[in-house]
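In this text, residue positions in the sequence shown follow my numbering: the first is 1, and each later residue adds one. In this text, a Cβ means the ideal position worked out from N, Cα and C, and glycines have one as well. Written out below as structure tokens is the structure these notes cover.
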Amino acid sequence: MVNTAPYSKEDILFILAGIVDPEIPVVTIQEMGMLRDVILMDDLCEVIITPTYTGCPAMGIIEHDIVELLIQNGVQNVKVTTSYSPAWTTDWMNDGTKEKLKNFGIAAPIHSSCTNWLNPKSVIVSCPRCNSTHTTMISQFGSTACKALYKCEDCKEPFDYFKCH
Ligand SMILES: [Zn+2]
């Protein structure tokens, strides 16, 4: 057995690019900004991930997916580390990712500074279907805790808003 890993950081990132967010299967964890870093040391491959919010139940699934996929690709010694600092921010998502969320029916956050959850009515969220800004928040918790449930007053459709923080 050789100690030196036969793969580079780029190889690992390429493999991990196939992992999607279990809650939003149209975007990868890389696009969500959850994949922070890959550290190769001797034969250990450490993957650093940051949850979109503390206690996100999807993290267990993501961690399992990472280990499974890397092992399938011949990377034997995998360690997944969850980092909470710096905390994930919706600013780590690029415009293309926000567009994918919108096409999936989730209103993407505009900017982290846009949300004041102490005063959620101050947030203007546009409908992902008809772009109307005439929307109302129904519940601060949508299909998952990191989303809020909104309703469009124009097309009358409910939709999820990815809370920015
Ligand atoms: Zn609408």
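Item: Between residue 160 and ligand 1, is the CB less than 7 Å from at least one heavy atom?; Value: no
Item: Could you name the residues, in chain order, whose CB is less than 6 Å away from a heavy atom belonging to ligand 1?; Value: 127, 129, 130, 132, 152, 154, 155, 157
Item: Checking 8 Å against the spacing of the C-beta atoms, do residue 20 and residue 100 come in under that value?; Value: no
Item: In three-state DSSP terms, what is residue 42?; Value: coil
Item: Provide the residue(s) that pair with residue 137 in DSSP beta bridges, ordered along the chain.; Value: 150
Item: Run through the DSSP bridge pairs and tell me what residue 161 is partnered with.; Value: 107, 148
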